[in-house]
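Chemist:
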Amino acid sequence: MGLAYGDTHLVAIGSTLAALEIQAAQTWWHVRQGENMYEDDFSRENKVVGMVWANKRDSRLWFAPPHHRDCRLGIQVLPILPITEVLFPDESFVRDLVAWTLPALGRKGVREGWKGFVYALEGIYDNESALEKIRNLKGFDYGNSRTNLLWWIHSRGNVLEGWGRY
Numbered sequence: 171m172g173l174a175y176g177d178t179h180l181v182a183i184g185s186t187l188a189a190l191e192i193q194a195a196q197t198w199w200h201v202r203q204g205e206n207m208y209e210d211d212f213s214r215e216n217k218v219v220g221m222v223w224a225n226k227r228d229s230r231l232w233f234a235p236p237h238h239r240d241c242r243l244g245i246q247v248l249p250i251l252p253i254t255e256v257l258f259p260d261e262s263f264v265r266d267l268v269a270w271t272l273p274a275l276g277r278k279g280v281r282e283g284w285k286g287f288v289y290a291l292e293g294i295y296d297n298e299s300a301l302e303k304i305r306n307l308k309g310f311d312y313g314n315s316r317t318n319l320l321w322w323i324h325s326r327g328n329v330l331e332g333w334g335r336y
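The opening position of the sequence shown corresponds to residue 171 in our numbering, with each subsequent residue numbered one higher.
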């Protein structure tokens, strides 16, 4: 908005707030082994946190149990926007997160909409596989259409060709 209005102060504030929000999300919600944010057992079993309370962390979500990993990944990704690639810049972490989540997609009753978020992240490192899976989806999450997922996948591009990454 600051760019649209030519307001450099608003640009600076917006950029600072976005950077702080991204850093907080990566610190509190993205679980990486060896970073000592959470105890070893929790870090070994989880790639994202379901809920952070004042004095604890939880694997479940208020609407889903811990084994619904697709929901936990999805709630960290949605909505899929250009800044999503800044929130998930570490391809190695994204690969681990998707690999951790994929088995949950075989669960009976898993919603197609949640699958879309998993495939969107897969598109960061395996565009062709993600595109095929997205084309086969029968449903989408509210606010995340087939058009949005196709835009995301096709805008990933090839880093060596100079487009598709920030």
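The C-beta atom is built at its ideal place from N, Cα and C for all residues, glycine as well.
Since this is a predicted model, take the numbers as computed values, not measurements.
In whole angstroms, what separates the C-alpha of N314 from that of Q203?
Modeler: Cα to Cα, the separation comes out at about 31 Å.
Chemist: Take Y336 and list the residues in its own chain whose beta-carbon comes closer than 7 Å to its own, dropping the five residues that flank it on each side.
Modeler: Low local confidence applies: a pLDDT of 47 at Y336 is under 50, so the model's placement there is unreliable, and no value is given.
Chemist: How is D240 classed by DSSP in three states: helix, strand or coil?
Modeler: In the structure shown, D240 sits in a helix (DSSP, three-state: H, G or I).
Chemist: Tell whether a beta-carbon distance below 7 Å holds between G244 and F287.
Modeler: Against a cut-off of 7 Å, the Cβ pair of F287 and G244 comes out as a contact.
Chemist: Keeping to the same chain, check which residues put their C-beta closer than 6 Å to that of E320; ignore five residues upstream and five downstream.
Modeler: According to the sequence shown, residue 320 is Leu rather than Glu. So the list is empty, once near-sequence residues are dropped.
Chemist: Can you tell me whether F233 is buried or exposed? The criterion is at least 16 other CB atoms within 10 Å of its CB, across all chains shown.
Modeler: Flag for F233 reads exposed.
Chemist: May I have the straight-line CA-CA distance separating E261 from A174, to the nearest angstrom?
Modeler: Approximately 32 Å, taken between the alpha carbons.
Chemist: Kindly identify the DSSP beta-bridge partner or partners of H200.
Modeler: Note: H200 sits in a beta bridge opposite V218.
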